[in-house]
Amino acid sequence: ATLSKQKEHPGYSDEIALYYGRWIEMVGGIFDENVKLLTPLKEKYNLYGLTNWSAETLPLAQAKYDFFDLLDGIVVSGAEKIVKPDPALYHILIDRYRIDPRETLFIDDNPENIQTAKQLGFQTLHLTPQINLEQELKNRGIID
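For the sequence shown, our numbering gives the first residue as 253, with consecutive numbering after it.
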């Protein structure tokens with residue numbers, strides 16, 4: 253990605269190299285209290301990711317964060333050239349992994365993404381800073 257972007261924008265070659273070369277330093281921290289919930293969830297459920305990450309930077313994040321190893325599959329908007337909340341991206345997830353939306357809890361922090369998931373029949377949880385994910389999952393009987 254770096255070389256192609258540098259060719260497209262030669263006047264910004266150094267900046268582009270810095271962006272991709274040091275991208276992982278710009279990634280904020282993960283939400284440890286939420287990520288720790290993936291392990292007990294994995295014991296009972298299949299876990300999937302639906303992300304608007306770029307195809308170029310996702311491998312860097314996967315190398316840095318072990319929680320990606322807990323996912324049974326992931327659909328990356330950058331690879332599919334479609335972004336949430338476009339329903340087509342959700343359909344790729346549904347079709348590729350044979351997911352039944354009625355039996356799937358979709359968690360996201362973006363209300364537009366939640367709305368699309370609801371329209372497609374997913375159970376949803378709009379994750380806001382005020383929500384304690386662990387307690388919410390307990391309230392729904394998903395974890396003990």
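Here a beta-carbon is modelled for each residue, glycine too, at the ideal position from N, C-alpha and C. Note that the coordinates shown come from a computational prediction; the quantities given were computed from them, not determined experimentally.
So what does residue i bridge to, in DSSP terms?
i, result
"Val327", "Leu302"
"Leu377", "Ile359"
In its own chain, which residues sit with a C-beta less than 7 Å from the C-beta of residue i, not counting the 5 before and 5 after it?
i, result
"Ala307", "Val328, Gly330, Ala331"
"Leu389", "Leu289, Ile395"
"Leu385", "Asn286, Leu289, Leu379"
Among residues of its own chain, excluding the 5 on either side of residue i, which ones have a beta-carbon nearer than 6 Å to its beta-carbon?
i, result
"Phe374", "Pro353, Thr356, Phe358"
"Leu302", "Val327, Leu345"
"Asp360", "Ile366"
"Asn298", "Asp324"
"Pro311", "none"
For the putative contact between residue i and residue j, defined by C-beta atoms under 8 Å, what is the C-beta separation to the nearest angstrom?
i, j, result
"Tyr300", "Leu270", "Not a contact, Cβ separation roughly 33 Å."
"Leu289", "Ile366", "The Cβ separation is near 19 Å, so there is no contact."
"Gly372", "Tyr342", "In the sequence on display, residue 372 carries Leu and not Gly. Contact holds; Cβ gap of about 5 Å."
"Pro337", "Thr368", "4 Å"
"Gly325", "Arg348", "7 Å"
Got a sec, what are the start and stop residues for the alpha helix (DSSP H) residue i sits in?
i, result
"Leu312", "310-316"
"Asn286", "284-287"
"Ala340", "339-349"
"Pro353", "Run containing Pro353: none; DSSP gives neither H nor E here."
"Leu194", "Nothing about residue 194 can be reported from this structure: the residues present for the chain run from 253 to 396 only."
"Gln387", "385-391"
"Leu255", "254-260"
Report all residues from its chain with a CB closer than 8 Å to the CB of residue i; omit the five preceding and five following residues, and keep chain order.
i, result
"Thr291", "Leu322"
"Gln258", "Tyr264, Ser265, Ile268, Ala269"
"Glu364", "Lys336, Pro337"
"Pro339", "Thr368, Gln371, Leu372"
"Ile334", "Ala340, Leu341, Ile344"
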